[in-house]
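Reading through the structure tokens given below for one structure.
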Amino acid sequence: MARQLDTEVKQPKVPNPVPLNGRKAQGLRSSGDYNGISVAILVVAFVGLLVPWLAAAGYGFSRPNQPFTFAPLVEVLSIDGAGEAIVNTLLLTLATTILMLVLLVPTIVFLNINAPQLGKVAEIFSVLPMVVPPVALVSGVSEFYRTIAPGFITSMWSLVPLYVIIVMPLCYRAIDAGVKSLDLRTIFAASSSLGASTWTTLTQVVVPNLRVAMLSASLLCISGVFSEFAMASLLLHYTFPVYMVEVSSTSPKGVAALSFIVTIVTWLLLVSISAVANLSDKQRKN
Numbered sequence: 001m002a003r004q005l006d007t008e009v010k011q012p013k014v015p016n017p018v019p020l021n022g023r024k025a026q027g028l029r030s031s032g033d034y035n036g037i038s039v040a041i042l043v044v045a046f047v048g049l050l051v052p053w054l055a056a057a058g059y060g061f062s063r064p065n066q067p068f069t070f071a072p073l074v075e076v077l078s079i080d081g082a083g084e085a086i087v088n089t090l091l092l093t094l095a096t097t098i099l100m101l102v103l104l105v106p107t108i109v110f111l112n113i114n115a116p117q118l119g120k121v122a123e124i125f126s127v128l129p130m131v132v133p134p135v136a137l138v139s140g141v142s143e144f145y146r147t148i149a150p151g152f153i154t155s156m157w158s159l160v161p162l163y164v165i166i167v168m169p170l171c172y173r174a175i176d177a178g179v180k181s182l183d184l185r186t187i188f189a190a191s192s193s194l195g196a197s198t199w200t201t202l203t204q205v206v207v208p209n210l211r212v213a214m215l216s217a218s219l220l221c222i223s224g225v226f227s228e229f230a231m232a233s234l235l236l237h238y239t240f241p242v243y244m245v246e247v248s249s250t251s252p253k254g255v256a257a258l259s260f261i262v263t264i265v266t267w268l269l270l271v272s273i274s275a276v277a278n279l280s281d282k283q284r285k286n
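Mapping to the UniProt record's numbering: the sequence shown position 20 is 20, numbers consecutive.
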């Protein structure tokens, strides 16, 4: 009997299984806690962004005994130099966006196909403009311009290369994310087997599939140009941020109203990019 007991295999104790209803209740509780935290974070962020925005609108579009009026906005736009500053900034924005896309899209596509390891190095170097102060960048570039092209530094277009540099960290990542979502090797191999050249594949196949990424990068570029003050001020060029700072002391209400309008335009651009992205997803599914 003792030998029989020694040779018996001791069965491990298995914990009692949790009832299915208990698991569902636990999952619902954790899901409810998660949703509650998400809603709380969303509400705090929404209030933190919306309250200052509405306060600026209330301050900018009002005057004593006039709860709502466009007079401050009309006044600030009628100041001498307002049209020149806006036109200059729009031209700089267009030139910077085009140059940024022309430089980054082919470069990132090439790195992802032929040199993935070098792409990681390029991604690290693209962050450098975020740690270099604009004053130091303008100082170095000014010496370069004076040596190579002395007359170029007095031109408004001398800001375009500088703007491309300062928007590169964000725009690089926006385009790189779109490029990495594509199977570029398969796309180029299939196009090559059908007789298409590399340039044809890039312009007619890759670029249309990068439409959302390029729009996102363009929006980041536009935001960067419209908010950059230090470089334009140091190089003595009259742009929209310089104009805003200049008139802020004489017409603070008009500046607040104009800032509100710029925020609305930026929000509409974001909505349009989201709509284009949703439309692209629907077309791919169909």
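Beta carbons are placed, not taken as given, at the ideal position from N, Cα and C, and that holds for glycine.
Distance from the CA atom of G83 to the CA atom of L77, rounded to whole angstroms, is 8 angstroms.
As summarised for the segment 26-111, the continuous alpha helix (DSSP H) elements at least 4 residues long and confined to that stretch are 71-77, given in chain order.
Buried is the label assigned to K253, since at least 16 other Cβ atoms lie within 10 Å of its Cβ. Residue nearest to T97 within the set S233, P133, F226 and M244 is F226 (criterion: CA-CA distance). Going by DSSP, T201 is part of the alpha helix (DSSP H) stretching over T198 to T201. By alpha-carbon distance to F188, the top candidate from V179, T198 and L268 is T198. With distances taken between CA atoms, V105 lies nearest to S216 out of E246, V255, G224 and S216. Counting along the chain, I222 sits inside the alpha helix (DSSP H) bounded by residues R211 to S227.
A Cβ-Cβ separation of about 5 angstroms places A257 in contact with F61 under the 8 angstroms criterion. In this structure N65 is exposed. Its beta-carbon is surrounded by fewer than 16 other beta-carbon atoms within 10 angstroms. Beyond the five residues adjoining it in sequence on each side, I273 comes within less than 8 angstroms, by CB distance, of V212, L215, S216 and L219 in the same chain, given in chain order. Taking the Cα positions, I264 is about 33 angstroms away from T154.
In the pairwise beta carbon analysis, the segment 200-211 is classified as not touching the segment 237-247: fewer than three pairs are separated by under 8 angstroms. Here I261 has L73 as same chain residues with Cβ atoms under 8 angstroms from its own Cβ, once five neighbours each way along the sequence are excluded. In the structure shown, the three-state DSSP call for A189 is helix. Rounded to the nearest angstrom, the gap between the Cα atoms of P129 and R63 is 42 angstroms. If you look at V127, you'll find it isn't in any alpha helix (DSSP H); DSSP assigns it neither H nor E. Boundaries of the alpha helix (DSSP H) around S139: P134 to I148.
The C-alpha of V138 is placed about 14 angstroms away from the C-alpha of M156. The criterion of a C-beta distance shorter than 8 angstroms is not satisfied by I124 and V179. If you draw a 10 Å sphere on the C-beta of L279, you find fewer than 16 other C-beta atoms in it, and that means exposed. Excluding sequence positions up to five before and after G81, its CB lies within less than 7 angstroms of the CB of Y238 and Y243, all in the same chain and listed in chain order.
One thing to note: L99 has its Cβ no nearer than 8 angstroms to the Cβ of V39. In this structure, the alpha-carbon of W53 lies about 42 angstroms from that of F110.
Collapsing the DSSP output to three states places G119 in a helix. Closest by C-alpha distance to N114, out of R185, I79, P169 and N35, is R185.
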